[in-house]
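So the sequence shown is numbered by full-length UniProt numbering: it starts at 1 and just counts up by one. Below is one structure, written out as structure tokens; the observations come after it.
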Amino acid sequence: MSGCVFCGIVAGEVPAFTVADEPDGVAFLDTRPVFKGHVLVVPRTHLVTLSDLPAEALAGYFGLVQRLALAVETGLGAGGTFVAINNKVSQSVPHLHTHVVPRTKGDGLRGFFWPRTRYTDDAEAEGFARRVASAVPA
Numbered sequence: 001m002s003g004c005v006f007c008g009i010v011a012g013e014v015p016a017f018t019v020a021d022e023p024d025g026v027a028f029l030d031t032r033p034v035f036k037g038h039v040l041v042v043p044r045t046h047l048v049t050l051s052d053l054p055a056e057a058l059a060g061y062f063g064l065v066q067r068l069a070l071a072v073e074t075g076l077g078a079g080g081t082f083v084a085i086n087n088k089v090s091q092s093v094p095h096l097h098t099h100v101v102p103r104t105k106g107d108g109l110r111g112f113f114w115p116r117t118r119y120t121d122d123a124e125a126e127g128f129a130r131r132v133a134s135a136v137p138a
């Protein structure tokens, strides 16, 4: 869809730190992560909300989300992950996307208050992307 930043990332027209690019979706680092290694998973097709995702696409899309949750945990040595989807409210980009956030005990995340951070530079972001990408199960 014209003007959608996530469609631009899927099409390769907008740069991103991609960790997975598969038929069921694309995963890349959030540019304003809750914690470093925070990944967004988007379907290749422009859909706005979860309810727009066709039933026949659920297994493939959520299979990718599931594998990315494992990759974030394994690749970053996280204690677990927080996986979430905003539909309309708090959805900063109107393209379905699933957040996969690395968690560690005592990380300070409480409820749905998400403090944001930034990567020091592109090299640091690339390092996080590479670590997650290398842990994506086949």
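C-beta atoms are modelled at their ideal positions from N, C-alpha and C, and glycine is treated no differently.
Asked                                                                                                                                                                          : Found
Relative to the C-alpha of Leu-40, which candidate in Ala-57, Asp-21 and Ala-55 has its C-alpha closest?                                                                       : Asp-21
Hey, would you say Ala-27 sits closer than 7 Å to Val-14, going by beta carbons?                                                                                               : no
Apart from the five residues just before and just after Leu-50, which ones in its own chain have a Cβ nearer than 7 Å to its Cβ?                                               : Ile-85, Asn-87 and Leu-96
Count the other C-beta atoms from every protein chain shown that fall within 10 angstroms of the C-beta of Ala-89, then say buried if there are 16 or more, exposed otherwise. : A quick correction: the sequence has Val, not Ala, at residue 89. Flag for Val-89 reads exposed.
If you follow the alpha helix (DSSP H) that Gly-63 is part of, which residue opens it and which one closes it?                                                                 : 55 to 76
Using the three-state DSSP reduction, which class does Leu-96 fall into: helix, strand or coil?                                                                                : coil
Quick check on the DSSP output: the beta strand (DSSP E) that includes Phe-28 runs from which residue to which?                                                                : 25 to 29
Should the stretch 118 to 126 be called in touch with the stretch 53 to 68, which here means at least 3 C-beta pairs below 8 Å?                                                : no
Among all the DSSP beta bridges, which residues are the ones paired with Arg-103?                                                                                              : Gly-80
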